[in-house]
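S.K.: Questions regarding the structure given below will be posed in turn.
Chains as they are written, first to last, in the working numbering: chain A, 1179 to 1702; chain B, 5 to 155.
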């Protein structure tokens, strides 16, 4: 792939030139098609086919940008900064790949799980909502236009509220969970828009790269600074940064199992990507307010989240709720990687996004299978199931080990890198020794809560009324693919590390990274 | 800080002040009211304040509506084109999208409230909280699982 100079007018000749748009457009068009077909039999296959297509597209995009540089796709041929631009570089290709991989793997699992948990007549619309949520998450990550981020954020949020509320057929608390999420999510999104309005006032542009250039050239003023605060707090609500996480445990606990799997592995990650984009690319850690935000606000909050959420997770008696609290703690690790503010830290953060996405999707799938078999995910209900369904529980064990960060699993790599990054910084600031220590200590808390699942599953007596049979094969295959990749990426570390490192380098180049070399999409 | 209290400064920035007042009113209603419908109303006021903020930043002093000076024969008045000053239409266009999003959010919120009313028989947050706390207590009682069992 040769780098060629940017051609001003957009000359799309092949389908391959349209990859960045197709990434978002395929699931987006699937949603109305599912509704128009209106048949339960077609809904799942259509959703699955379009997820596979977007997975293929995201892998193709990754292959193109993996060495650096970026693809600029101008919608309708209107040149940026006035037109809307989709801009794919290693960073968002990485996140796109995570989202579409999870989206594709969850669907086979969702088929049985949704059939079990949700009334038949809701299935068609549920898959349409699922596709819209998928679209929104992909669009948030793919786009290079700030207002477009908001639009896609709302597409994904609105469909998420609907998906969460579907849990009402099992437990009516899903309704209030969805309502709380709606209120907080809307406040967050509106804060984000206020921030964008301030940025627009100060710079007169909404294109992310153009914003970055103009802020870098004219320097910060009070409007730009308050815009930063609004954007970070607004997105922080979606990421579930520690004091803004209140919607998360309830939503994850009462949503249908398949929805929880999908959301836990993708939604917070897409929002975290947007935070990274704004902190590193649009603004720039060279600005003292951005640097201070990271070191004075993000760093302590991340550490508090790591400890307090893990501590709460230890005392839960419901597996889904425990995993939800663990998610808040794991977001803390990702945030910590950003706040450490060096290459290793950012790489660790991106890697942890990926590894945690896989491990947590696997564990929530395990919880979903147990709900299917026993009717609930309380420890008392699932006790002893490890002996009745060893293949399923084996996968859960691997996911748990990766969540702790045991050597030989993918989770080890990212936590190890995170400790290394903290130690690197401790050369000039000995406070970072404490940070490194707290990463290790909070992992010990993870050992405790993961051990509780093992103990419940394997060392307890099972209810004799529950037949000992494995989960359906449609659920086992995605679980073992995830479990296999947790182990595979734990041993073959180079592949993922190189990509994440390139993504981190892109981010750290700051606004310059967004005006790097443009890649030609055509395969010439 | 003195200039914040000058009359000219205040009148020049009156739209920002109104935006802040409206925004805080909306947020306060969302936080303070326990009635779920009132919370949605507060959320609407909060969003509308942002719409007005956006619309007001598009205003250019002495600017007019951004419409080409064209007569009924589609003939553009070139002389007028040179002198005419337009307001910025872009924030207005952006906010059209945000209004649509706001409507979708409101209708979804109200639909959720209908479902909540059906299954909880109340739309007051305090009552719902009590019901839910009781449900959680019952769950914990029923599925009691003590830490010491593990040791």
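For every residue, glycine included, the Cβ atom is placed at its ideal position computed from N, Cα and C.
Nearest to residue 1373 (chain A) by alpha carbon, out of A:1439, A:1414 and A:1339?
M.R.: As a working mapping, residue 1373 (chain A) is identified with position 195 in the first chain. Selected option, being the one with the closest Cα: A:1414.
S.K.: Measure how close the beta-carbons of residue 43 (chain B) and residue 34 (chain B) come, nearest whole angstrom, since I'm counting them as under 8 Å.
M.R.: Here residue 43 (chain B) refers to the residue found at position 39 of the second chain. Here residue 34 (chain B) refers to the residue found at position 30 of the second chain. Rounded, the Cβ-Cβ distance is 5 Å, consistent with contact.
S.K.: Does the CB of residue 105 (chain B) have a neighbour CB from chain A at under 8 Å?
M.R.: Against the second chain, residue 105 (chain B) aligns to sequence position 101. Yes, residue 105 (chain B) counts as interfacial toward chain A.
S.K.: How would you write the range of the beta strand (DSSP E) that residue 1263 (chain A) sits in, first residue to last?
M.R.: Along the first chain, one-based indexing puts residue 1263 (chain A) at 85. Taken as a continuous stretch (DSSP letters only), the beta strand (DSSP E) holding residue 1263 (chain A) covers 1263-1267.
S.K.: So, helix, strand or coil for residue 1647 (chain A), using DSSP?
M.R.: Here residue 1647 (chain A) corresponds to residue number 469 of the first chain, with the count starting at 1. In the structure shown, residue 1647 (chain A) sits in coil (DSSP, three-state: anything other than H, G, I, E or B).
S.K.: Starting from the C-beta of residue 1382 (chain A), find all residues in its chain whose C-beta is less than 8 Å away, skip the five residues before and the five after it, and write them out in chain order.
M.R.: By one-based count along the first chain, residue 1382 (chain A) stands at place 204. If we look at residue 1382 (chain A) and ignore the five residues flanking it on each side, its Cβ neighbours are 1392.
S.K.: Quick check: what's the CA-CA separation for residue 1462 (chain A) versus residue 1517 (chain A)?
M.R.: Translated into the one-based positions of the first chain, residue 1462 (chain A) becomes position 284. Translated into the one-based positions of the first chain, residue 1517 (chain A) becomes position 339. Cα-Cα distance, rounded: 13 Å.
S.K.: Would you say residue 37 (chain B) lies against chain A (beta-carbon separation less than 8 Å)?
M.R.: Taking the first residue of the second chain as position 1, residue 37 (chain B) is located at position 33. It does not; no Cβ of chain A falls within 8 Å.
S.K.: Whose CA, out of A:1378, A:1293 and A:1224, lies closest to the CA of residue 1309 (chain A)?
M.R.: Here the question's residue 1309 (chain A) lines up with position 131 in the first chain. Of the candidates A:1378, A:1293 and A:1224, the one whose C-alpha sits nearest the C-alpha of residue 1309 (chain A) is A:1224.
S.K.: Indicate whether the contact test is met: 3 or more Cβ pairs, each with one atom in the stretch 1580-1589 of chain A and one in the stretch 1649-1665 of chain A, closer than 8 Å.
M.R.: yes
S.K.: Among all the DSSP beta bridges, which residues are the ones paired with residue 1309 (chain A)?
M.R.: For the purposes of this step, residue 1309 (chain A) is taken as residue 131 along the first chain, with counting starting at 1. Per DSSP, none; premise fails for residue 1309 (chain A).
S.K.: Check whether chain A comes within 8 Å of residue 43 (chain B), counting only Cβ atoms and requiring the distance to be less than that.
M.R.: Here the question's residue 43 (chain B) lines up with position 39 in the second chain. With 8 Å as the cut-off, residue 43 (chain B) counts as an interface residue toward chain A.
S.K.: Would residue 1639 (chain A) be called buried (16 or more neighbouring beta carbons within 10 Å of its own) or exposed?
M.R.: Counted from its first residue, the first chain places residue 1639 (chain A) at position 461. Under this definition residue 1639 (chain A) is an exposed residue.
S.K.: Once you ignore the five residues that flank residue 1701 (chain A) on each side, which residues in its own chain have a CB closer than 6 Å to its CB?
M.R.: Reading the first chain from its first residue, position 523 is the one you call residue 1701 (chain A). Because residue 1701 (chain A) sits at a pLDDT of 39, beneath the cut-off of 50, its placement in the model cannot be relied upon, and the point is left open.
S.K.: Please list the residues of the stretch 95-121 of chain B that have a C-beta atom closer than 8 Å to any C-beta atom in chain A, keeping them in chain order.
M.R.: For the stretch 95-121 of chain B, the set of residues with a beta-carbon nearer than 8 Å to any beta-carbon of chain A comprises 95, 98, 101, 102, 105, 108, 109, 112, 113, 116, 117, 119 and 120, in chain order.
S.K.: Would a check of beta-carbon distances place residue 1691 (chain A) closer than 8 Å to chain B?
M.R.: Here the question's residue 1691 (chain A) lines up with position 513 in the first chain. In this prediction, residue 1691 (chain A) has a pLDDT of 48, which is less than 50 and means its spatial position is unreliable; nothing more can be read from the coordinates.
S.K.: Please check if any C-beta of chain A sits within less than 8 Å of the C-beta of residue 34 (chain B).
M.R.: Along the second chain, read from residue 1 onward, the residue named residue 34 (chain B) stands at position 30. With a threshold of 8 Å between beta carbons, residue 34 (chain B) makes contact with chain A.
S.K.: For a quick check, are the C-beta atoms of residue 1581 (chain A) and residue 1545 (chain A) less than 8 Å apart?
M.R.: One-based indexing of the first chain puts residue 1581 (chain A) at position 403. One-based indexing of the first chain puts residue 1545 (chain A) at position 367. Their beta carbons are not under 8 Å apart, which means residue 1581 (chain A) does not touch residue 1545 (chain A) by this criterion.
S.K.: How long is the line joining the alpha carbons of residue 1668 (chain A) and residue 94 (chain B), rounded to whole angstroms?
M.R.: Start at 1 with the first residue of the first chain, and residue 1668 (chain A) comes out as number 490. Start at 1 with the first residue of the second chain, and residue 94 (chain B) comes out as number 90. Approximately 49 Å, taken between the alpha carbons.
S.K.: At least one CB of chain A closer than 8 Å to the CB of residue 137 (chain B): is that the case?
M.R.: Here residue 137 (chain B) refers to the residue found at position 133 when the second chain is read from its first residue. No, its Cβ sits nowhere closer than 8 Å to a Cβ of chain A.
S.K.: Leaving out the 5 sequence neighbours to the left and right, which residues in its chain are closer than 8 Å to residue 89 (chain B) when beta-carbon positions are compared?
M.R.: The residue labelled residue 89 (chain B) in the question sits at position 85 within the second chain. Closer than 8 Å at Cβ, skipping near neighbours: 64, 66, 67 and 68.
S.K.: For residue 1298 (chain A), does the count of other Cβ atoms within 10 angstroms reach 16, so buried, or fall short, so exposed?
M.R.: One-based indexing of the first chain puts residue 1298 (chain A) at position 120. With fewer than 16 other Cβ atoms within 10 Å, it is exposed.
S.K.: Could you work out which residue in A:1505, A:1616 and A:1335 is closest to residue 1627 (chain A) when comparing CA atoms only?
M.R.: As a first step, residue 1627 (chain A) is located in the first chain; it is residue number 449 there, counting from the start. The candidate whose alpha carbon is nearest that of residue 1627 (chain A) is A:1505.
S.K.: Quick check: the stretch 1278-1296 of chain A against the stretch 1230-1238 of chain A, are at least 3 beta-carbon pairs closer than 8 Å?
M.R.: The stretch 1230-1238 of chain A, when compared against the stretch 1278-1296 of chain A, does touch it at the 8 Å Cβ threshold.
S.K.: Which residues does DSSP list as the beta-bridge partners of residue 1278 (chain A)?
M.R.: By one-based count along the first chain, residue 1278 (chain A) stands at place 100. Answer by DSSP bridge pairing: none, since residue 1278 (chain A) is not bridged.
S.K.: Assess, as a yes-or-no matter, whether the stretch 1676-1685 of chain A is touched by the stretch 1601-1619 of chain A under the definition of 3 or more beta carbon pairs within less than 8 Å.
M.R.: no
S.K.: Does residue 158 (chain B) come out as helix, strand or coil in the three-state DSSP assignment?
M.R.: Given that chain B is displayed from residue 5 to residue 155, the structure contains no residue 158 (chain B) and the question cannot be resolved.
S.K.: What's the gap between the Cα of residue 142 (chain B) and the Cα of residue 1577 (chain A)?
M.R.: Locating residue 142 (chain B) in the second chain gives position 138, where the first residue counts as 1. Locating residue 1577 (chain A) in the first chain gives position 399, where the first residue counts as 1. Distance between the alpha carbons of residue 142 (chain B) and residue 1577 (chain A) is about 30 Å.
S.K.: With H, G and I counted as helix, E and B as strand and the rest as coil, what does DSSP make of residue 1347 (chain A)?
M.R.: Here the question's residue 1347 (chain A) lines up with position 169 in the first chain. Look at residue 1347 (chain A) here: in three-state DSSP terms it is helix.
S.K.: What residues are listed by DSSP as bridge partners for residue 1251 (chain A)?
M.R.: Residue numbering aside, residue 1251 (chain A) sits at position 73 when the first chain is read from its first letter. For residue 1251 (chain A), the beta-bridge partners assigned by DSSP are A:1264.
S.K.: Could you compute how far the alpha carbon of residue 1354 (chain A) sits from the alpha carbon of residue 1334 (chain A)?
M.R.: Reading the first chain from its first residue, position 176 is the one you call residue 1354 (chain A). Reading the first chain from its first residue, position 156 is the one you call residue 1334 (chain A). Their Cα atoms are separated by approximately 19 Å.
S.K.: Indicate the three-state DSSP secondary structure (helix, strand or coil) for residue 23 (chain B) in the structure shown.
M.R.: Numbered from its first residue, the second chain carries residue 23 (chain B) at position 19. Of the three classes helix, strand and coil, the one that applies to residue 23 (chain B) here is helix, per DSSP.
S.K.: Which residue from A:1404, A:1378, A:1611 and A:1644 puts its Cα closest to that of residue 1564 (chain A)?
M.R.: Here the question's residue 1564 (chain A) lines up with position 386 in the first chain. Taking only the C-alpha atoms, the option nearest residue 1564 (chain A) is A:1644.
S.K.: Given that residue 9 (chain B) touches chain A, what residues does it touch there, using C-beta distances under 8 Å?
M.R.: Numbered from its first residue, the second chain carries residue 9 (chain B) at position 5. Near residue 9 (chain B) there are no residues of chain A at all, since even the closest Cβ is about 18 Å away, more than 8 Å.
S.K.: For the pair the stretch 1310-1323 of chain A and the stretch 1358-1375 of chain A, tell me if three or more CB-CB distances fall below 8 Å.
M.R.: Contact between the stretch 1310-1323 of chain A and the stretch 1358-1375 of chain A is absent, because fewer than three Cβ pairs lie under 8 Å.
S.K.: With distances taken Cα to Cα, identify the nearest neighbour of residue 1 (chain B) among B:61, B:37 and B:39.
M.R.: Past the edges of chain B, shown from 5 to 155, lies residue 1 (chain B), and the structure says nothing about it.
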